[in-house]
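Numbering (my numbering), first residue to last: 2 to 119.
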């Protein structure tokens, strides 16, 4: 599998195209959504199999993705929670609470990451 880099892109495969920020470096994954008041689109943590919401200012939806970007599960997490890692997850997609349902991101959907503006 090709290594991913920090940057921006678009997720395809849901009901809508979702702008996404990719956090591939250890530093970017560690920072995640901490200190933000919201997120436009989604944040893709890669590689990652679990997340926490300690220090978060808002509730988030979390989608666990397999190697092929198939959604393994989606859950909503309030601030101050520790999510259990998903053993088969290779990527984690984070967005504001309620966004995944609006976008049609649900278990079994296969997403695809494309270049921004393309």
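Note that beta-carbon positions come from the ideal geometry of N, C-alpha and C, so glycine has one too. Everything numeric in this text was worked out from a predicted model, so none of it was measured.
Per DSSP, the beta-bridge partners of residue 115 are 11.
For residue 46, same chain residues with a beta-carbon under 6 Å away, outside a window of 5 residues either side, are 24, 30, 93 in chain order. The alpha-carbon of residue 79 is positioned some 31 Å away from that of residue 116. Counting along the chain, residue 27 sits inside the alpha helix (DSSP H) bounded by residues 27–32.
When C-beta atoms of the region 35–51 are compared with those of the region 94–107, three or more pairs fall below 8 Å, so the two segments count as touching. In this structure, residue 14 lies near residue 112, with their beta-carbon atoms less than 7 Å apart.
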